[in-house]
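Before any comments, here is the structure.
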Amino acid sequence: MAIPEFLADLRAVVGTRMLWLSAVVAVVLDDDGRVLLVQRADDGRWTPPGGILDPGEQPADGAVRECLEESGVVAVPERLVSVTVSPEVTYPNGDLTRYLELVFHCRPVDGEARINDDETLAVGWFGLDELPPMEEKGLGWIRHSLADRAAAVFTWQGTERV
Numbered sequence: 147m148a149i150p151e152f153l154a155d156l157r158a159v160v161g162t163r164m165l166w167l168s169a170v171v172a173v174v175l176d177d178d179g180r181v182l183l184v185q186r187a188d189d190g191r192w193t194p195p196g197g198i199l200d201p202g203e204q205p206a207d208g209a210v211r212e213c214l215e216e217s218g219v220v221a222v223p224e225r226l227v228s229v230t231v232s233p234e235v236t237y238p239n240g241d242l243t244r245y246l247e248l249v250f251h252c253r254p255v256d257g258e259a260r261i262n263d264d265e266t267l268a269v270g271w272f273g274l275d276e277l278p279p280m281e282e283k284g285l286g287w288i289r290h291s292l293a294d295r296a297a298a299v300f301t302w303q304g305t306e307r308v
């Protein structure tokens, strides 16, 4: 799986040392209450579409871009639903990263769900009672999106807050 050019350039300078990066996630829910999920090519996990922000990119724009790139679906972000920090990630090549994760509740406005890049093995719309096996983090993003509250969820002193 290719990494963004800016990140490859940065890694050429810093090597595998810890990088703090910003990432976005698009939790896209259709009018039938189904959620859009992609199966990642790197590890086979099912998750809402998302990825690393480009330098200077607005987070909501990045969520829309990532959703389209990975799934073929054009989405409109309606609200920020959570702001979290990932655990430390160690990639097979030794690169260390932590992500500031910005999760948006989105609605689809165009496009057909399909494999749209080499980062994705499968794409589909899933009813909430028929989700494929997922990590707790992804399920949490979906729960936060479904909560229909104006405030974003964040963690303060180890406790989840709204």
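Quick note: the sequence shown uses the numbering used here, first residue 147, plus one each step. The beta-carbon is built from N, C-alpha and C at its ideal position, and this holds for glycine as well.
Quick check on this structure: which residue in Asn239, Leu248 and Pro195 has the alpha carbon closest to the alpha carbon of threonine 301?
If you number the sequence shown from 1, residue 301 lands on position 155. Ranking Asn239, Leu248 and Pro195 by Cα distance to threonine 301 puts Leu248 first.
I'd like to know whether the C-beta atoms of phenylalanine 250 and alanine 172 end up nearer to each other than 7 Å.
Within the sequence shown, residue 250 is the residue found at index 104, counting from 1. Within the sequence shown, residue 172 is the residue found at index 26, counting from 1. Yes, Cβ-Cβ distance for phenylalanine 250 and alanine 172 is below 7 Å.
Roughly how far, in whole angstroms, is the beta-carbon of glutamate 216 from the beta-carbon of valine 184, given that I think they are within contact range, below 8 Å?
Here residue 216 is taken as the residue at index 70 of the sequence shown, counted from 1. Here residue 184 is taken as the residue at index 38 of the sequence shown, counted from 1. Yes, they are in contact, since the Cβ atoms of glutamate 216 and valine 184 sit about 5 Å apart, within 8 Å.
From which residue to which residue does the beta strand (DSSP E) around isoleucine 198 run?
Position 52 of the sequence shown, counting from 1, holds the residue named residue 198. Taken as a continuous stretch (DSSP letters only), the beta strand (DSSP E) holding isoleucine 198 covers 196-198.
Can you find the residues in the same chain that come closer than 7 Å, C-beta to C-beta, to glutamate 212, ignoring five residues on each side of it along the sequence?
For the purposes of this step, residue 212 is taken as the residue at position 66 of the sequence shown. Result list for glutamate 212: Val170, Ala172, Pro195, Gly196 and Gly197, in chain order.
If you drop the 5 nearest sequence neighbours on each side, which residues of the same chain put their C-beta closer than 6 Å to that of valine 235?
Numbered from its first residue, the sequence shown carries residue 235 at position 89. Closer than 6 Å at Cβ, skipping near neighbours: Thr243.
Whole beta strand (DSSP E) elements within the stretch 257-293, 3-residue minimum
List check, beta strand (DSSP E) in window: 266-272.
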